[in-house]
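Undergrad: Before we start, here is the structure in question, set down as structure tokens.
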Amino acid sequence: MNKVRTEHATATRTAQLRRAVWQYTSAMAIALSGLALATSASANDDVRGVEEPESKEIIVTARKREESIQSVPQSIDVLGGDQLTDMGKVTIKDLQFEVPGFYMQNFETRVTVALRGVGNQVPGSGQSVATHVNGIFQPSTASSLGWLFDVDRVEVLKGPQGTLYGRNSTGGALNIETRRPGNDFDVGAKLEYGSFDTYRAYAGMDIPLSDDWAVRVAGVISRSDGRLINTVINDTIDGNEYTGGRITLVGRVGSVDVEVFSQFSEETGGVGEIIPLNPSGRPLLGWNRTSLDQPTIPVGERQHFIASLDLQGELGGGFSWRSLTGFVDYREPAILVDVTPFPNPTSTRGSFPQYAEQFSQELQLIYTAENMNFVVGTLYMDAKEGEDRTFDVVPVLPQILNSSTDNKIETIGIFGDVNYNLNDKLRANIGLRYNIEKIDNQFVGRGRFDGPAFTASQTQRQLTGRVGLDYTNEAGSLFYVNASKGFQAGYTTNGFALDGTPAPAAVDPEILYAYEAGFKSTFPGGNGRLALAAFFYDYQDLQVRVGGIPLLPDGTPDPNGRPFFTVLNAAEARIWGLEASLVDFRLSENLKIDLVGGYLNAKFEDYQSIDDFTGLPADFSGNRLPRSPEFQGQVAVTLDNISIGPGAFSVRSEYQFRSDAFDRADNVARLGRTDLINILATYQVKDWSFQISGRNITNDRFFAFFDGRNFGTPGLFRTWLASVSYRY
165 MNKVRTEHAT ATRTAQLRRA VWQYTSAMAI ALSGLALATS ASANDDVRGV EEPESKEIIV
225 TARKREESIQ SVPQSIDVLG GDQLTDMGKV TIKDLQFEVP GFYMQNFETR VTVALRGVGN
285 QVPGSGQSVA THVNGIFQPS TASSLGWLFD VDRVEVLKGP QGTLYGRNST GGALNIETRR
345 PGNDFDVGAK LEYGSFDTYR AYAGMDIPLS DDWAVRVAGV ISRSDGRLIN TVINDTIDGN
405 EYTGGRITLV GRVGSVDVEV FSQFSEETGG VGEIIPLNPS GRPLLGWNRT SLDQPTIPVG
465 ERQHFIASLD LQGELGGGFS WRSLTGFVDY REPAILVDVT PFPNPTSTRG SFPQYAEQFS
525 QELQLIYTAE NMNFVVGTLY MDAKEGEDRT FDVVPVLPQI LNSSTDNKIE TIGIFGDVNY
585 NLNDKLRANI GLRYNIEKID NQFVGRGRFD GPAFTASQTQ RQLTGRVGLD YTNEAGSLFY
645 VNASKGFQAG YTTNGFALDG TPAPAAVDPE ILYAYEAGFK STFPGGNGRL ALAAFFYDYQ
705 DLQVRVGGIP LLPDGTPDPN GRPFFTVLNA AEARIWGLEA SLVDFRLSEN LKIDLVGGYL
765 NAKFEDYQSI DDFTGLPADF SGNRLPRSPE FQGQVAVTLD NISIGPGAFS VRSEYQFRSD
825 AFDRADNVAR LGRTDLINIL ATYQVKDWSF QISGRNITND RFFAFFDGRN FGTPGLFRTW
885 LASVSYRY
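Next up, the structure:
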């Protein structure tokens, strides 16, 4: 463990250096953009009017190559970066109301993501929905809380992605593609001010360096006051500050295309967003009031660094190659919160900073011909992740938990994916991946309720893949059917038996067999896209956690009680559903609509468990899976291209609906339905854009997290945002 801690100290010094460099980079990006903006505004003689946007083909990289979304035989939702940021949707968790079946729940920096009901049932155990930034897997679930800035698009791939994406993509994958530099000089800047005294400044600049080389520099600086008032100090306590910088260099060396990408972000605050509840599950002090005394101001610090080198080249005869090298370093230098937000003399203070670092190397051989395409490749990934966890009941029970967890995961994947045209309309799609994972888990417990130290190692091997057919008719509509398999790796962790005896717990991989049939069509002239999908999942050996720490009525741990929790491969589930979308469909020159919706039936088929409160045997068979709302959808209407004076006006309104869901398998803690109404108004004059947006303008009240007993995290409050931007 001393070696591990020494490595952490070295990494901390390295992170401090990165932070200084990237703070400078972000500030310089915004400053240079401001200078260029002023210069170009006065020198630009080419006065460009507002042009009606033309429908364009949507390009995605879901199958490790660029292709039209229309030709990909699987469910994909694509969200444009500009539209998201214009509406004030600046983090990944803001996407959950955009995509049917997508649910994200976080308690502080611990994140649970579910897609069509498939999500990690054990918080902190790893992801079931993988997140990638420019093709680089993000190893920490907390990195799923990352910000979206200077993003070209977000691709949401539904269903197991085990063939091309491997581990921890059982439910699907989020592919975040950032903006790349263009061939011409380009600069854009945006200033925002909004609710909770929020200030944000964005900037991005494309700089051509030669005929073959160009660089893009982008940055964001944001700060906001908190939205919750701590009654102990009568002040807000969950304010947030965020700084992010990014550099992308593209060019060509001989016959090799080169892309060098680097990003660093630092965030402070944004924790302690929990409020006390009364016995009926309603806010005790109000939706925006809490009582935190140990500490009165929560501490939260997060740092995230990504770097990659992408090399591509042609071999001739339809063959090409690609090498993608990545490094990720995520750290939480400090997390300290009062996890019992009640006005009483006893508090439970928790500190649980975590880290994750990863090196990856992927090699691909790609073949493209008239009748067949394929990609074969291999991936090597070396990841380390861990957490230091301390819980103190102040002042009566110090250090009830005081532990260190360190995990090492070494992954080798060999994969191939073939698309073969059986005739000019019918295509067969076959993919296989062989996964080898060596997992080392280390735990040291020093608290009175911690289990004994242990070290466990295991090597897991899994064959995953997919098979399918798709048919394209004369009109270009695509019909498809496919079957696929995904898995989430097993692991060993600490736990307790029912009598409170500490005991390590090991779980095997969980397996998902998925079957999907769908239809995609683009209307004549590119006026809108229609997609339909039906799916059925056979979910086996679910990894679930049962039990908990006995609590007193005021929410503090019972000093006479003993913890009882463990993890098991205890459950089987069946999931089926329907989804439909009609997007970018123009009713007239000035009126466009977007309609998306889905139905989800996700239930445990067989789940014999233990009641989290009583410790008695319980049968949860037939219960709904956590974070699986039955209905979810969005209706958006855009009125645009309205000439007013020297510019054009547009307004977009959205209604987003999600039915209720449950936080746990016992179906006791109910997360209520949400009804959000959002609006965005834009006035554009030449290169300038003026916007005002509102989210949840009716101030619908709902919980983003609910422990089922004593406290919860409020969902999105009503927020307003005004901005001005310039694009040269």
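Numbering (my numbering), first residue to last: 165 to 892. Here a beta-carbon is modelled for each residue, glycine too, at the ideal position from N, C-alpha and C. In this text the structure is predicted, and so the values were computed from the model without any measurement.
(1) Taking only three categories from DSSP, how would you classify LYS850?
(2) Work out the CA separation of LEU561 and PHE261 for me, nearest whole Å.
(3) Would you kindly check if the distance between the Cβ of SER889 and the Cβ of SER857 is under 9 Å?
(4) With DSSP run on the structure shown, which of helix, strand or coil describes SER235?
(5) What does the Cβ neighbour count give for GLY550, buried or exposed, with the cut at 16 atoms within 10 Å?
(6) Sort GLY761, GLY876 and ASN805 by Cα distance to VAL263 and report the nearest one.
(7) Are the CB atoms of GLY490 and SER472 nearer to each other than 9 Å?
(8) For LEU243, count the other beta carbons within 10 Å of its own beta carbon; 16 or more makes it buried, fewer makes it exposed. Which is it?
(9) Specify the secondary structure class of PRO688 as computed by DSSP and reduced to three states.
(10) Tell me which residue opens and which closes the alpha helix (DSSP H) that GLY156 is part of.
(11) Less than 8 Å between the CB atoms is what I'm expecting for ALA681 and TYR644, so what's the real figure, rounded?
(12) Does PHE613 come out as helix, strand or coil in the three-state DSSP assignment?
(13) Can you find the residues in the same chain that come closer than 8 Å, C-beta to C-beta, to ARG882, ignoring five residues on each side of it along the sequence?
(14) Within 10 angstroms of its Cβ, does GLU743 collect 16 or more other Cβ (buried), or is it exposed?
(15) Report all residues from its chain with a CB closer than 8 Å to the CB of PRO459; omit the five preceding and five following residues, and keep chain order.
(16) Report the three-state DSSP secondary structure of LEU373 (helix, strand or coil).
(17) What is the DSSP secondary structure of PHE491, reduced to helix, strand or coil?
(18) Classify THR327 as helix, strand or coil using the three-state DSSP reduction.
(19) Where does ASP588 fall in DSSP's three states?
(20) Select from GLN528, LEU543 and TYR494 the residue whose C-alpha is nearest the C-alpha of ALA520.
(21) I believe SER419 touches GLY477 by the beta-carbon criterion, under 8 Å. Please report the beta-carbon distance rounded to the nearest angstrom.
(22) Would you identify the three-state DSSP class for LYS649, choosing helix, strand or coil?
(23) In three-state terms, what does DSSP make of LYS257?
(24) Should ALA737 be labelled buried (16 or more other beta-carbon atoms within 10 Å of its own) or exposed?
(25) For ALA829, does the three-state DSSP call read helix, strand or coil?
(26) Under the three-state reduction of DSSP, which class applies to THR295: helix, strand or coil?
(27) Might you give, ordered along the chain, the residues of its own chain that have their beta carbon closer than 6 Å to the beta carbon of THR554, omitting 5 neighbours on each side?
(28) Hey, does VAL420 have any beta-carbon neighbour from chain B nearer than 9 Å?
(29) Looking at the secondary structure, which residues open and close the beta strand (DSSP E) in which PRO505 lies?
(30) In this structure, how does DSSP classify THR569 when only helix, strand and coil are distinguished?
(31) VAL492 to ASN452, Cα distance in whole Å?
(32) For ALA306, which three-state DSSP category applies?
(33) Output the distance between the C-alpha atoms of THR395 and GLN427, rounded to the nearest integer angstrom.
(34) Would you kindly work out how many angstroms separate the C-alpha atoms of LEU780 and PRO447, rounded to a whole number?
(35) Is it true that the CB of PHE875 sits closer than 9 Å to the CB of THR504?
(36) On the DSSP bridge assignment, give the partners of PHE313 in chain order.
TA: Straight from the coordinates:
(1) Taken through DSSP and simplified to helix, strand or coil, LYS850 comes out as coil.
(2) When rounded, the distance between both Cα atoms is 41 Å.
(3) No, the Cβ-Cβ distance between SER857 and SER889 is not below 9 Å.
(4) In this structure, SER235 counts as helix in the three-state DSSP scheme.
(5) Buried, since its Cβ has 16 or more Cβ neighbours within 10 Å.
(6) If we check each option's Cα against that of VAL263, GLY761 comes out closest.
(7) Their beta carbons are under 9 Å apart, which means GLY490 touches SER472 by this criterion.
(8) With 16 or more Cβ atoms within 10 Å of its Cβ, LEU243 is classed as buried.
(9) The DSSP-derived three-state label of PRO688 is helix.
(10) Since the first and last residues shown for the chain are 165 and 892, residue 156 lies out of range.
(11) Right, their Cβ atoms sit about 7 Å apart.
(12) Coil at PHE613, not helix or strand.
(13) Cβ neighbours of ARG882 beyond the five flanking positions: SER359, GLY858, ARG859, ASN860, ILE861, THR862 and ASN863.
(14) It is buried - the Cβ of GLU743 has at least 16 other Cβ atoms within 10 Å.
(15) Excluding positions up to five away in sequence, the list reads LEU500, VAL501, ASP502 and ARG513.
(16) LEU373: coil per DSSP, three-state reduction.
(17) PHE491: strand per DSSP, three-state reduction.
(18) It is helical.
(19) DSSP places ASP588 in coil when its eight states are reduced to three.
(20) With respect to the C-alpha of ALA520, the residue from GLN528, LEU543 and TYR494 having the closest C-alpha is TYR494.
(21) Correct: roughly 5 Å between the Cβ atoms.
(22) Per DSSP, reduced to three states, the secondary structure at LYS649 is strand.
(23) Look at LYS257 here: in three-state DSSP terms it is helix.
(24) Buried is the call here.
(25) Taken through DSSP and simplified to helix, strand or coil, ALA829 comes out as coil.
(26) In the structure shown, THR295 sits in a strand (DSSP, three-state: E or B).
(27) Within its own chain, the residues whose Cβ lies closer than 6 Å to the Cβ of THR554, once the five positions on either side in sequence are excluded, are SER515 and ASN566, listed in chain order.
(28) Among the chains in the structure shown there is no chain B, since it carries only a single protein chain.
(29) Neither: PRO505 is in no beta strand (DSSP E) and is coded neither H nor E.
(30) Correct three-state label for THR569: strand.
(31) Whole-angstrom Cα-Cα distance: 36 Å.
(32) DSSP places ALA306 in helix when its eight states are reduced to three.
(33) Spanning the two alpha carbons is a distance of roughly 38 Å.
(34) Taking C-alpha positions only, LEU780 is separated from PRO447 by approximately 29 Å.
(35) Judged by beta-carbon spacing, PHE875 lies within the 9 Å limit of THR504, meaning their Cβ atoms are closer than that value.
(36) BP columns for PHE313 are empty, so no partner.
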